[in-house]
Structure formats: C-alpha cells, structure tokens
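Counting along the sequence shown from 1, when you hit position 347 you're at 435 in the numbering used here, and nothing is skipped either side. Taking it in order: structure first as structure tokens, then the write-up.
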Amino acid sequence: MSHLTTANTRPTPKTWQGLLRLTLGSALFWALAASVLFIAAPGVDSWGRLLVFSECVGMGIVGTAMLLRTSRWFPNIGSTLGWALTGIIAIPAGYVAGHVLALVMLGEPFRVMSPGQDRLLPIVFTLLIAGFGLHYFASRERLANEAAARSEAQRLATEFELRLLRAQLEPHMLFNTLANLRSLVSEDSRQAEFMIDQLITYLRSALAASRTELSSLRDEFAQLRAYLDIMSVRMGPRLSYRLDLPSGLEQMALPPMLLQPLVENAIKHGLEPKVGAGCIEVRARRVDLGLEAGVVAGVEISVTDTGLGLSAEGAARALAQGPNASYGLQHVRERLLAAYGPRASLTLMPQTPTGLCASVRIPQ
Numbered sequence: 089m090s091h092l093t094t095a096n097t098r099p100t101p102k103t104w105q106g107l108l109r110l111t112l113g114s115a116l117f118w119a120l121a122a123s124v125l126f127i128a129a130p131g132v133d134s135w136g137r138l139l140v141f142s143e144c145v146g147m148g149i150v151g152t153a154m155l156l157r158t159s160r161w162f163p164n165i166g167s168t169l170g171w172a173l174t175g176i177i178a179i180p181a182g183y184v185a186g187h188v189l190a191l192v193m194l195g196e197p198f199r200v201m202s203p204g205q206d207r208l209l210p211i212v213f214t215l216l217i218a219g220f221g222l223h224y225f226a227s228r229e230r231l232a233n234e235a236a237a238r239s240e241a242q243r244l245a246t247e248f249e250l251r252l253l254r255a256q257l258e259p260h261m262l263f264n265t266l267a268n269l270r271s272l273v274s275e276d277s278r279q280a281e282f283m284i285d286q287l288i289t290y291l292r293s294a295l296a297a298s299r300t301e302l303s304s305l306r307d308e309f310a311q312l313r314a315y316l317d318i319m320s321v322r323m324g325p326r327l328s329y330r331l332d333l334p335s336g337l338e339q340m341a342l343p344p345m346l347l348q349p350l351v352e353n354a355i356k357h358g359l360e361p362k363v364g365a366g367c368i369e370v371r372a373r374r375v376d377l378g379l380e381a382g383v384v385a386g387v388e389i390s391v392t393d394t395g396l397g398l399s400a401e402g403a404a405r406a407l408a409q410g411p412n413a414s415y416g417l418q419h420v421r422e423r424l425l426a427a428y429g430p431r432a433s434l435t436l437m438p439q440t441p442t443g444l445c446a447s448v449r450i451p452q
C-alpha cells in the first residue's frame, strides 16, 4: 500500500503537445504584456521593439523556470517556497539571457539598461509580469497537489473498504466451508482433501491480495477457480463453471479481488435460489473501449450466470446509487473509478432465457 503524500507534482509539460501549448501560451502572454506596456507608456519604445524584448525576456524566464523545476538538483521543497526560489533565480537569469538575445536579433550592441530613468519602467514591468506568471504556475501546482491528494485519499478509502468487506465476508464463507468439510471427512475423504486444498489456495490468495495494490489476471482467475471449486463441492451438481483467460492477458495488472464480488453475487442471488443446475462463465477478452477521446485498447471481463437473473429495471436499480443499490456492485464500481477514472465501466445485462452478465471494462 502506497502512502498518502503531497509531494510537488511539478506542472511541466511531459509531451510534445504539452510543450507546444506552453510555448504558444507563453508567447501570447508576453505579446500581450508588450502591448500593455506600449499603451500604458507610449514614449518608452516602439511596439515592435518592445515585442522583441518582451518575447525574448519572457521566454528566457519561462524556460529557466521550467529547467529549474525539472532539474533533479533543484530542492524538492514546499510549493510556495519552491516557486519563490524559482523566481529569485529565473527572473534575473531569464531577463539577462533574453535581453542579450533580443540585442543580437536587433543587431544592437550589448547593454543591460540604456541611460535614462525611463528605462527602469520596462525592468519593473517585467518583474511584475514575471511574478504574476510564476504565481499562476504556483497556483496550478497547488491545485494539482490538492487534486492528487484527494484522489489518493479516495483510493485509500476504497482499499480500506475492500479490506473491511473481506473481513466481513471471509469468516462467513470459511465457517460454511468448514461445516461442509466436517461432514465430508467421514463421508468422502477424497472430496474433503480436495476441498481443503482449494481452501488453502483461496485463503493464500486472499491474504496476498490484502497486502498489494495490484494483482494479475492469472492470479485473479486462480483465486476464482479455487473459490468456485469450493462452491462446486458445496452445491454439488447444481453448480458448474468455466474460466476463459487468453494467455496474452495473463499478466495484465488490475486491482486485487476486483472480480470476486461479481462471482459471489452470481452464486448468492442467481444460482443458489434457483431450482436445478446452473453455470457460471468468467471470460476475459480484448476490446476497443471507444471513448470520446479516441479508441482506446482495453479488456472486458464478463461474469455470466444462468441463474434467476434480473430485469432491465432491476439491473439499473442494482447499479444505481441509493438504498436500492447492491453494495458489492457499488464497491466494484467505486474501485474502478478510483483506479481508472471514467475510462473503466461496470454494466449488467439480462440474459436469455435466464441469467445475468456483469461486465467490467478497463483500459489496458
């Protein structure tokens, strides 16, 4: 389990698109600053010359600030102090570097400040504008840190609920299994040995799942197989099952015990109340999620049973928020949201002639 932290999430571009947006945004910002200075103090210089100096100095300050924030040598301190130190270094360094570049572009001799008091105005104006820009980045970083902290807190709360749920469900399942074992020991010792082996596998997997953030589909299916083997001994010919996991998906990572509530629901609400035999099929396959941002590769894991099933209205109520919601389904949906955001989904689909299919779709 990772610990909740509020370390700086330094808002620097991580892709070429992000770098392009930052460059264009900064260029527009400093062009606007040059225009404001020209209108506020028309006697200072021509607009074209102010634009060249503003762009060169501004991009020098922005570039220096971003290099400092991404450097591994820069101290990883609090957001406010960190950006204050960034400004102390980046503003004078960027001003000198940008001033030199502008003079080179204009073909003029090097000078930091021309004679005359009016030349102090661009320096003061640059200091104010640069301070405003750095304040914007500092505010954005603070908001990003707060959002990351809220997301991490939600994830930790969801994982805590998982452990609480397992603490409530496992003793009930364990007691029923042990009671069944007691009768099997004298009636069918081979079945009793098989059930003990599967119980050990299931409990070992459950213990490992409670100590990790991610599991693999192979481990999840192995745990489901142990659980379904135990339930098959308990229910006899009333329960059969099939697990379908392609070899290419065995190592895919997902939150541990994500599928267990779906299988338990299928047995508890679908097959146990039904008269006669029933079947559960757990299947994983690759799909295209087709999200609004574009087609995203993903995996669909479906748990299909031939039990009593639900109507379309009943399935909607089971997934809904409120008193009619199924706690197990709601728990799965919250874990999906915490782990994958809106890219993941949980759906229920009534089957014909009877039964229900619970499908989880997650990005790969």
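All C-beta atoms in this analysis are idealised placements derived from N, C-alpha and C, irrespective of residue type, glycine included. Small disclaimer: the values here were computed from a predicted structure and weren't measured.
Limits of the beta strand (DSSP E) - the one that Ala385 falls within: Residue mapping note: residue 385 aligns to position 297 of the sequence shown, counting from 1. That run of the beta strand (DSSP E) goes Ala385 to Asp393.
Given 8 Å, three or more beta-carbon pairs between the region 436–446 and the region 339–346: Flag = no, the region 436–446 and the region 339–346 do not touch.
DSSP three-state assignment for Glu369, whether helix, strand or coil: The residue given as residue 369 occupies position 281 in the sequence shown. Shown here, Glu369 sits in a strand according to DSSP, grouped into three states.
Identity of the residue in Arg299, Val321 and Met193 nearest Ser277 by Cα: On the sequence shown, position 189 is the one that residue 277 refers to. The residue with the shortest Cα to Cα distance from Ser277 is Val321.
Same chain, Cβ closer than 6 Å to Gln205, five either side skipped, listed in chain order: Position 117 of the sequence shown, counted from the first residue, corresponds to residue 205. Because the pLDDT of Gln205 is 45, which lies under 50, any placement of that residue in the model is unreliable, and the question is left without a value.
The region 391–406 / the region 357–370 touching (three or more Cβ pairs under 8 Å): Yes: the two stretches touch, three or more of their Cβ pairs being nearer than 8 Å.
Proximity of Leu398 and Arg421 at Cβ, strictly below 9 Å: Sequence index remark: in the sequence shown, residue 398 carries index 310 (1-based). Sequence index remark: in the sequence shown, residue 421 carries index 333 (1-based). In this structure, Arg421 does not lie closer than 9 Å to Leu398 by Cβ.
Pair within 9 Å by beta-carbon distance, Asn268 and Met283: On the sequence shown, residue 268 is found 180 positions in, with the first residue counted as 1. On the sequence shown, residue 283 is found 195 positions in, with the first residue counted as 1. In this structure, Met283 lies closer than 9 Å to Asn268 by Cβ.
Contacts around Ser433, its chain only, beta-carbon distance under 6 Å, and the 5 residues preceding and following it disregarded: Numbered from 1 along the sequence shown, position 345 holds the residue referred to as residue 433. Excluding residues within five positions, the ones whose Cβ falls inside 6 Å are Arg449.
Residue closest to Ala153, alpha-carbon to alpha-carbon, out of Arg270, Ala121 and Ala172: Locating residue 153 in the sequence shown gives position 65, where the first residue counts as 1. Nearest of Arg270, Ala121 and Ala172 to Ala153, Cα basis: Ala172.
Burial state of Phe220 (16 or more Cβ within 10 Å): Mapped onto the sequence shown, residue 220 falls at position 132. Per the 10 Å Cβ criterion, exposed.
CB contact flag (Leu417, Leu396, <9 Å): As a working mapping, residue 417 is identified with position 329 in the sequence shown. As a working mapping, residue 396 is identified with position 308 in the sequence shown. No, Cβ-Cβ distance for Leu417 and Leu396 is not below 9 Å.
Rounded straight-line distance, which links the Cα of Leu107 to that of Ala235: Position 147 of the sequence shown, counted from the first residue, corresponds to residue 235. Position 19 of the sequence shown, counted from the first residue, corresponds to residue 107. CA-to-CA, the gap between Ala235 and Leu107 works out to about 22 Å.
Between the CA atoms of Ala190 and Phe141 - distance to the nearest angstrom: For this step, residue 141 is matched to residue 53 along the sequence shown. For this step, residue 190 is matched to residue 102 along the sequence shown. So the two alpha carbons sit approximately 5 Å from each other.
Proximity below 9 Å, CB of Arg156 to CB of Ala185: Locating residue 156 in the sequence shown gives position 68, counting from the first residue. Locating residue 185 in the sequence shown gives position 97, counting from the first residue. Before going further, note that residue 156 is Leu rather than Arg in the sequence given. Against a cut-off of 9 Å, the Cβ pair of Ala185 and Leu156 comes out as no contact.
Cβ-based burial, Glu229 [other Cβ within 10 Å; buried from 16]: Taking the sequence shown and counting its residues from 1, one reaches residue 229 at position 141. It counts as buried.
Glu281 to Gln311 span [Cα, whole Å]: The residue you call residue 281 lines up with position 193 of the sequence shown. The residue you call residue 311 lines up with position 223 of the sequence shown. Taking the straight line joining both Cα atoms gives about 18 Å.
Sequence-distant residues of its chain with Cβ nearer than 6 Å to Ala427 (five each side left out): Within the sequence shown, residue 427 is the residue found at index 339, counting from 1. These residues qualify, in order along the chain: Pro343.
Cut-off 7 Å between Cβ atoms - residues of its own chain near Ala381, not counting five sequence neighbours on either side: Start at 1 with the first residue of the sequence shown, and residue 381 comes out as number 293. The predicted position of Ala381 is uncertain, since its pLDDT is 47 and thus under 50; a value taken from the coordinates is nonetheless stated next. Result list for Ala381: empty, nothing under 7 Å.
Element boundaries [beta strand (DSSP E), containing Thr300]: Walking along the sequence shown from the start, residue 300 turns up at place 212. Where Thr300 is concerned, there is no enclosing beta strand (DSSP E), because DSSP gives it neither an H nor an E.
Leu424 versus His357: straight-line alpha-carbon distance, rounded: Residue numbering aside, residue 424 sits at position 336 when the sequence shown is read from its first letter. Residue numbering aside, residue 357 sits at position 269 when the sequence shown is read from its first letter. In a straight line, the C-alpha of Leu424 is about 22 Å away from that of His357.
Thr454 - partner residues in DSSP beta bridges: The requested residue 454 is not part of the displayed model; the chain covers only 89 to 452.
C-alpha distance - Trp135 paired with Cys144, whole-angstrom precision: To locate residue 135, count along the sequence shown from 1; it is residue 47. To locate residue 144, count along the sequence shown from 1; it is residue 56. Their backbone Cα atoms lie some 14 Å apart in a straight line.
The ligand COA heavy atom lying under 8 Å from the CB of Leu156: The ligand COA is not among the ligands present in this structure, which contains no ligands whatsoever.
Residue environment, Tyr329, which counts as buried when at least 16 other CB atoms sit within 10 Å: What you label residue 329 is simply residue 241 of the sequence shown in a count that begins at 1. Burial of Tyr329 is indicated by the presence of at least 16 other C-beta atoms within 10 angstroms of its C-beta.
C-beta contact flag for Leu291 and Leu331 at 9 Å: Sequence index remark: in the sequence shown, residue 291 carries index 203 (1-based). Sequence index remark: in the sequence shown, residue 331 carries index 243 (1-based). Result no, Cβ atoms of Leu291 and Leu331 do not sit closer than 9 Å.
Spatial distance of Thr146 from Gly131 (CA atoms): To locate residue 146, count along the sequence shown from 1; it is residue 58. To locate residue 131, count along the sequence shown from 1; it is residue 43. This sequence places Gly at residue 146; Thr is not what is there. Their Cα atoms are separated by approximately 21 Å.
When Ile127, Thr168, Arg109 and Phe126 are compared against Val150, the one with the closest alpha-carbon: To locate residue 150, count along the sequence shown from 1; it is residue 62. Distance from the Cα of Val150 is smallest, within the candidate group Ile127, Thr168, Arg109 and Phe126, for Arg109.
Per-residue DSSP class, three states only, for Arg160: Here residue 160 refers to the residue found at position 72 of the sequence shown. Here Arg160 carries a coil assignment [DSSP, helix/strand/coil].
Euclidean distance between Cα positions of Ile211 and Met193: For the purposes of this step, residue 211 is taken as the residue at position 123 of the sequence shown. For the purposes of this step, residue 193 is taken as the residue at position 105 of the sequence shown. Whole-angstrom Cα-Cα distance: 19 Å.
Cβ-based burial, Gly440 [other Cβ within 10 Å; buried from 16]: For the purposes of this step, residue 440 is taken as residue 352 along the sequence shown, with counting starting at 1. With the sequence shown as reference, residue 440 is identified as Thr, and Gly is not the correct amino acid for it. Exposed, by the Cβ-count rule.
Run of the beta strand (DSSP E) containing Leu331, from where it starts to where it stops: Here residue 331 refers to the residue found at position 243 when the sequence shown is read from its first residue. Leu327 to Asp332 is the span of the beta strand (DSSP E), which, as asked, contains Leu331.
Distance CB(Leu138)-CB(Phe126) smaller than 9 Å: In the sequence shown, counting from the first residue as 1, residue 138 sits at position 50. In the sequence shown, counting from the first residue as 1, residue 126 sits at position 38. Contact: yes.
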